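A.B. asks:
In the working numbering, the protein residues as written are 17 to 415.
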């Protein structure tokens with residue numbers, strides 16, 4: 017979509033043309049997606065050189081800054097190829113012209129782009145839109161956008177990562193290199209104070225060892241922090257690498273605590289003391305230090321109550337997939353055996369009325385038995401499905 021803006025529009029501060037359109041786009045996800053990087057502004061009566069010189073003056077900048085204050089996320093919609101985004105940023109940021117080139121005030125540009133990135137993320141999160149392309153356009157680079165790295169690349173580099181999924185949930189993924197016979201989650205924690213950058217610490221018991229994995233936060237720490245404070249849980253995914261293949265356990269909703277560095281040290285000591293395995297730590301600390309060396313310190317964290325372990329937080333073990341009957345299966349079969357009843361004896365010289373009454377009692381008992389059997393079958397199938405899900409998972413690696 018193209019707008020024609022004149023000198024009079026700029027000097028009078030008239031943003032009505034664009035305001036009406038952006039308001040309509042902003043309330044609808046489909047329209048927002050269709051018009052991302054799609055708004056083109058033609059400045060009528062200006063040459064490129066003339067406009068570049070005039071946008072250094074406050075009376076011309078006021079129009080751009082007014083539009084920016086009305087729609088803090090407007091760079092999401094402005095087209096970069098036509099230079100609309102460039103001129104808009106020139107209207108909002110101080111700059112100079114050297115040898116025919118635009119040179120932005122570096123400190124002001126960094127502050128502006130950081131603020132716009134945050135506002136664009138907020139806007140996109142409300143519409144479930146990926147904000148990364150719009151944020152990358154703020155660099156004003158003519159080079160093609162870099163190809164995003166895959167999750168496997170990050171996992172291989174860091175060993176554990178945390179990020180926001182498309183459903184706007186926080187997921188912590190941990191990479192291990194063999195199928196454990198026994199696996200259990202001892203705890204998951206978000207550490208955000210007294211450290212250069214927030215990170216997650218996850219304690220897993222693999223076979224007989226307890227390992228600590230520190231997950232690098234790949235997406236906006238503020239979004240991750242807000243989600244964790246509201247939900248007090250994250251999705252935990254354990255990824256197993258075999259050769260060049262990656263397979264995952266089903267994701268588990270895991271309760272978390274928000275801690276300081278000192279709080280993590282206390283919980284670490286408690287976990288290793290109560291566990292049977294030796295104190296160990298996954299070797300991804302060097303990479304975390306590299307990522308967080310120059311980051312700012314986070315705000316104070318409120319520590320929620322210590323979450324109780326749920327059955328879902330203990331992953332099934334491989335030994336449970338054998339042919340041996342579980343306690344639940346034996347209980348179901350015992351219930352079925354108890355339902356076996358003897359046939360009601362038919363009295364001699366039974367009258368028609370007695371026969372009808374006896375048959376009605378029999379029908380009622382049969383109906384009750386059918387209902388109970390159906391419930392037992394449901395329980396049995398539910399137990400079998402639990403086993404099959406685990407069996408199917410391990411078969412993918414064995415076959």
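For glycine and all other residues, C-beta sits at the position ideal for the given N, C-alpha and C.
Being a predicted model, the structure only gives us computed values, none of them experimental.
(1) With distance defined between alpha-carbon atoms, name the residue in 54, 387 and 226 nearest to residue 98.
(2) Would a C-beta distance cut-off of 8 Å place residue 204 and residue 52 closer than the cut-off?
(3) Taking only three categories from DSSP, how would you classify residue 203?
(4) Using a Cβ-Cβ cutoff of less than 8 Å, which residues in the same chain neighbour residue 129 once the five nearest sequence positions on both sides are dropped?
(5) Could you check what DSSP says for residue 65 in three-state terms: helix, strand or coil?
(6) What are the boundary residues of the beta strand (DSSP E) that residue 269 is part of?
(7) Whether or not the region 85-93 and the region 25-43 are in contact is what I'm after, with contact meaning three or more pairs of Cβ atoms, one per stretch, closer than 8 Å; do they touch?
(8) Any chance the region 264-280 sits against the region 192-210, with 3 or more Cβ pairs inside 8 Å?
(9) Of all the options 21, 114, 371 and 171, which has the alpha carbon lying nearest to the alpha carbon of residue 103?
(10) I'd like the span of the alpha helix (DSSP H) that includes residue 38, first residue to last.
(11) From 143, 69 and 86, pick the residue whose C-alpha is nearest to that of residue 110; which is it?
(12) Identify which residue in 186, 88 and 148 has its Cα closest to the Cα of residue 247.
(13) Using CA coordinates, which residue listed in 171, 223, 217 and 32 is at the minimum distance from residue 87?
(14) Mapping DSSP to helix, strand and coil, what is residue 213?
(15) Measure the alpha-carbon distance for residue 123 versus residue 82 and round it to whole angstroms.
(16) Is the Cβ-Cβ distance between residue 216 and residue 178 less than 8 Å?
(17) Write down the C-beta distance between residue 200 and residue 168 rounded to the nearest angstrom, noting that I regard them as a contact closer than 8 Å.
(18) Is the beta carbon of residue 234 sitting closer than 8 Å to the one on residue 134?
(19) Give me, in chain order, the residues of the same chain whose beta-carbon lies closer than 6 Å to that of residue 112; leave out the 5 immediate sequence neighbours on both sides.
(20) Mind checking whether residue 197 and residue 253 have CB atoms under 8 Å apart?
(21) Quick one: which unbroken alpha helix (DSSP H) runs of 4-plus residues sit fully inside the region 92-134? Chain order, please.
(22) Using a 10 Å radius around the Cβ and a threshold of 16 neighbouring Cβ atoms, would you call residue 284 buried or exposed?
(23) Quick one: is residue 176 buried, meaning 16 or more other Cβ sit within 10 Å of its Cβ, or exposed?
(24) What do you get for residue 231, buried or exposed, if any count of 16 or more other CB atoms within 10 angstroms of its CB means buried?
C.D. replies: Here's the rundown:
(1) As a first step, residue 98 must be located in the chain shown, where it is residue number 82. If we check each option's Cα against that of residue 98, 54 comes out closest.
(2) The residue labelled residue 204 in the question sits at position 188 within the chain shown. The residue labelled residue 52 in the question sits at position 36 within the chain shown. No; because the gap between Cβ atoms is not below 8 Å, this pair is not in contact.
(3) For this step, residue 203 is matched to residue 187 along the chain shown. Residue 203 falls in the strand class under three-state DSSP.
(4) One-based indexing of the chain shown puts residue 129 at position 113. For residue 129, where only same-chain residues beyond five positions count, the Cβ hits under 8 Å are 154 and 155.
(5) Walking along the chain shown from the start, residue 65 turns up at place 49. Helix, per DSSP.
(6) Along the chain shown, read from residue 1 onward, the residue named residue 269 stands at position 253. 268-271 is the span of the beta strand (DSSP E), which, as asked, contains residue 269.
(7) Yes, the region 25-43 touches the region 85-93.
(8) Yes: at least three Cβ pairs fall under 8 Å.
(9) Along the chain shown, read from residue 1 onward, the residue named residue 103 stands at position 87. The residue with the shortest Cα to Cα distance from residue 103 is 21.
(10) Start at 1 with the first residue of the chain shown, and residue 38 comes out as number 22. Per DSSP, residue 38 belongs to the alpha helix (DSSP H) from 32-42.
(11) In the chain shown, residue 110 corresponds to position 94, counting from 1. Comparing Cα positions, the closest option is 69.
(12) Sequence index remark: in the chain shown, residue 247 carries index 231 (1-based). When each option's Cα is compared against that of residue 247, the closest is 186.
(13) Walking along the chain shown from the start, residue 87 turns up at place 71. Considering only alpha carbons, the answer is 32.
(14) Position 197 of the chain shown, counting from 1, holds the residue named residue 213. It is coil, neither helix nor strand.
(15) In the chain shown, residue 123 corresponds to position 107, counting from 1. In the chain shown, residue 82 corresponds to position 66, counting from 1. Straight-line Cα distance between these residues: approximately 21 Å.
(16) As a working mapping, residue 216 is identified with position 200 in the chain shown. As a working mapping, residue 178 is identified with position 162 in the chain shown. Their beta carbons are under 8 Å apart, which means residue 216 touches residue 178 by this criterion.
(17) In the chain shown, counting from the first residue as 1, residue 200 sits at position 184. In the chain shown, counting from the first residue as 1, residue 168 sits at position 152. Going by Cβ atoms, the distance from residue 200 to residue 168 rounds to 25 Å, so no, they are not a contact pair.
(18) Taking the chain shown and counting its residues from 1, one reaches residue 234 at position 218. Taking the chain shown and counting its residues from 1, one reaches residue 134 at position 118. By the CB criterion at 8 Å, residue 234 and residue 134 fall outside the cutoff.
(19) If you number the chain shown from 1, residue 112 lands on position 96. These residues qualify, in order along the chain: 119.
(20) Translated into positions along the chain shown, residue 197 becomes position 181. Translated into positions along the chain shown, residue 253 becomes position 237. It is not a contact, given that the beta carbons lie outside the stated cut-off.
(21) Runs found: 100-108.
(22) In the chain shown, counting from the first residue as 1, residue 284 sits at position 268. Only buried fits residue 284, as 16 or more other CB atoms lie within 10 angstroms of its CB.
(23) In the chain shown, counting from the first residue as 1, residue 176 sits at position 160. Under this definition residue 176 is a buried residue.
(24) To locate residue 231, count along the chain shown from 1; it is residue 215. Counting C-beta atoms within 10 angstroms of its own C-beta, residue 231 has 16 or more neighbours from the protein chains shown and is therefore classed as buried.
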